[in-house]
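Read through the structure below, which is laid out as structure tokens, and then see the notes.
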Amino acid sequence: MREIDLARALGVSFKTWRRIREEDPAANEAWVEARAVEEGELVGLLMREARGVPAEFDENGKQVRAERPPYPAAAMFLLKTRHAYRDNGPADGAADTGPRIVINLPGPMSRDEWSKSLTIQHEDQP
3 MREIDLARAL GVSFKTWRRI REEDPAANEA WVEARAVEEG ELVGLLMREA
53 RGVPAEFDEN GKQVRAERPP YPAAAMFLLK TRHAYRDNGP ADGAADTGPR
103 IVINLPGPMS RDEWSKSLTI QHEDQP
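One gets this note's numbering by counting positions in the sequence shown from 1 and adding 2 to each.
So this is what it looks like as structure tokens:
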């Protein structure tokens, strides 16, 4: 539940709800606990999607619910968010030992300006 929806359900403005939550430790604790319950439910739903759900049959062998195959994207999301898996290397670059190359490109210029930029002048030449 969004906080604004909770405030509406309580019959107070969002601003008043925020003040109550900040001033009343019990109200804040109830909100934190409600969010934890919601998180648990959402993780459970995602886990079910990641694992898939087998088909269900009644006592006569008639299928009452189709199988839902595992959904790998849900598994990847859980690995990344709950277990810090990354598919692009470490966030701080600690294990990245490759060379660092920086290429600076000039801004737009005419053909004549570009030709002049290719001319190399030595320090002893005017």
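Note that CB positions come from ideal geometry on N, CA and C, so glycine has one too.
| query | Does the beta-carbon of residue 116 have 16 or more other beta-carbons within 10 angstroms, so that it is buried, or is it exposed? | reply | exposed
| Thinking C-beta only, is residue 77 closer than 8 Å to residue 52? | yes
| When you compare each of 49, 65, 67 to residue 75 by their alpha carbons, which one comes out closest? | 49
| What's the gap between the Cα of residue 114 and the Cα of residue 106? | 20 Å
| request: Please name the residue in 42, 65, 46, 8 whose C-alpha comes closest to that of residue 29. | output: 8
| message | Suppose you measure from the CA of residue 27 to the CA of residue 19; what does that come to, to the nearest Å? | response | 13 Å
| request: Just mark residue 23 as buried or exposed, buried being the case when its beta carbon has 16 or more other beta carbons within 10 Å. | output: buried
| residue 88 in three-state terms, based on DSSP | coil
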